[in-house]
Amino acid sequence: MAPFKAIDANADGYISAEEAKAVEGLAARFEQADRNKDGRLDQKEYEGLTASTMERAPAPSEGR
4 MAPFKAIDAN ADGYISAEEA KAVEGLAARF EQADRNKDGR LDQKEYEGLT ASTMERAPAP
64 SEGR
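Using the numbering used here, the letters of the sequence shown map in sequence onto residues 4 to 67.
Encoded structure:
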C-alpha cells in the first residue's frame, strides 16, 4: 500500500475518507481502520491497517 504521506494529499496529518478513495482497497476498509471513529485515519491507524493486510497476504509463489 502507498506510504501515509503520499495519501495525505493536504498534509494535515490525517487521511480523510475522500483521500482514501485514491488508493485501491483503502476506501472499502476505511471505516474498519478508523478505530476512534473520528472520520479520518491517523498514521497509527493506517499502519495498523497495513500491518493487518500484510499478515493476511498469501506468501509469494516460489516459482516452481
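For glycine and all other residues, C-beta sits at the position ideal for the given N, C-alpha and C.
Keep in mind that this is a model prediction, so the values were computed, not measured.
Between SER55 and ASN13, the alpha-carbon positions lie close to 26 angstroms from each other.
Using a 10 angstroms sphere on the CB of ALA31, the tally of other CB atoms stays under 16, which defines it as exposed.
With respect to TYR17, ARG38 sits apart: the two C-beta atoms are not nearer than 7 angstroms. Rounded to whole angstroms, the separation of the alpha carbons of LYS8 and GLN35 is 20 angstroms. For ARG32, the enclosing alpha helix (DSSP H) starts and ends at 29 to 36.
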